[in-house]
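Engineer: Before I ask anything, let me first share the structure, which is written out below as structure tokens.
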Amino acid sequence: LVGITASCSVVNPWHAFLIGIFAAVVLYAGRLLLLYVKIDDPCDASVVHGFCGMYGIWCVGIFCTDENVQYAAYPNVNDACGSGQQFGVQVVSSLVIIAWTVATAGATFLGIKYTIGMRVSTEVEEIGIDASEHGAGFLNEQTQKTRGYGDEIRQDVPQHQELVYTATNYPQPTASAMSAGYGMSPGMPGFNGMMPPPAGGAGYPMY
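1230 is the number that my numbering gives to position 3 of the sequence shown; each next residue is one higher, with no gaps.
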């Protein structure tokens, strides 16, 4: 989706097919790169919106046709796509976006670093922000047989002692958020870490 967004109005269907295939390659390679350089991005946001987004910007210049530009009702009438000029425009545009993002985000993060601080305490970091900020709790047992999606029985999951601390020493979610242990939609984990209970039974924890 991110790969085709910029060029969807100026490329042919078979172009879109190729863009999607190579976007998957960019996504996978970007993920491996982050792992290699040890950058923690659990949602892969920088890979999806950064790497694939830049790839999508470049694809406008690579795959666009002058006929599709006119069909999409853009006012410019020229041969920028056919001559390759549009690709240069797209590359320069992506560099401008990078410069703007680095400058504005850098100023914001530096301001936070030298005022209230960027990092939480070591204790909170080890316990986890989910617990300290959102009140996510854990079972007291050292090990607990748990179930995953589809009622699949998993192996014993060790419960670290320090995680038990979170259930009683950090703010808990509001009563409305914890209502019945349900999440945002049926079948999703609840705000209190519990799956919706089966008929006549209690919920079971998710990890």
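Note that CB positions come from ideal geometry on N, CA and C, so glycine has one too.
Can you tell me the Cβ-Cβ gap for G1283 and V1316, rounded? I've got them flagged as a contact below 8 Å.
Structural biologist: Position 56 of the sequence shown, counted from the start, is the residue given in the question as residue 1283. Position 89 of the sequence shown, counted from the start, is the residue given in the question as residue 1316. Actually they are not in contact, since the Cβ atoms of G1283 and V1316 sit about 14 Å apart, beyond 8 Å.
Engineer: By how many angstroms is the C-alpha of V1275 removed from the C-alpha of A1233?
Structural biologist: The residue given as residue 1233 occupies position 6 in the sequence shown. The residue given as residue 1275 occupies position 48 in the sequence shown. Going from the Cα of A1233 to the Cα of V1275 covers about 14 Å.
Engineer: How many Å lie between I1266 and L1254 at the Cα?
Structural biologist: As a working mapping, residue 1266 is identified with position 39 in the sequence shown. As a working mapping, residue 1254 is identified with position 27 in the sequence shown. Going from the Cα of I1266 to the Cα of L1254 covers about 15 Å.
Engineer: Suppose contacts are defined by Cβ-Cβ distances below 9 Å. Is C1291 in contact with V1238 by that definition?
Structural biologist: The sequence position of residue 1291 within the sequence shown is 64, counting from 1. The sequence position of residue 1238 within the sequence shown is 11, counting from 1. Yes, they are a contact pair.
Engineer: Apply the 10 Å Cβ neighbour rule to M1345 and answer buried if 16 or more other Cβ atoms are within range, or exposed otherwise.
Structural biologist: In the sequence shown, the residue the question calls residue 1345 occupies position 118. Burial call: exposed.
Engineer: Given that a residue counts as buried once 16 or more other Cβ atoms are within 10 Å of its Cβ, and exposed if not, what is C1308?
Structural biologist: By 1-based counting over the sequence shown, the position of residue 1308 is 81. So C1308 counts as buried.
Engineer: Once DSSP output is grouped into helix, strand and coil, what is the label at Y1341?
Structural biologist: As a first step, residue 1341 is located in the sequence shown; it is residue number 114 there, counting from the start. It is coil, neither helix nor strand.
Engineer: Go ahead and pull the three-state DSSP assignment for A1251.
Structural biologist: Position 24 of the sequence shown holds residue 1251. Note: A1251 maps to helix in three-state DSSP.
Engineer: Taking DSSP as the reference, what is the three-state secondary structure of N1295?
Structural biologist: Mapped onto the sequence shown, residue 1295 falls at position 68. Three-state DSSP puts N1295 in a helix.
Engineer: Please list the terminal residues of the continuous alpha helix (DSSP H) segment that includes Y1282.
Structural biologist: Along the sequence shown, one-based indexing puts residue 1282 at 55. Note, Y1282: alpha helix (DSSP H), 1279-1290.
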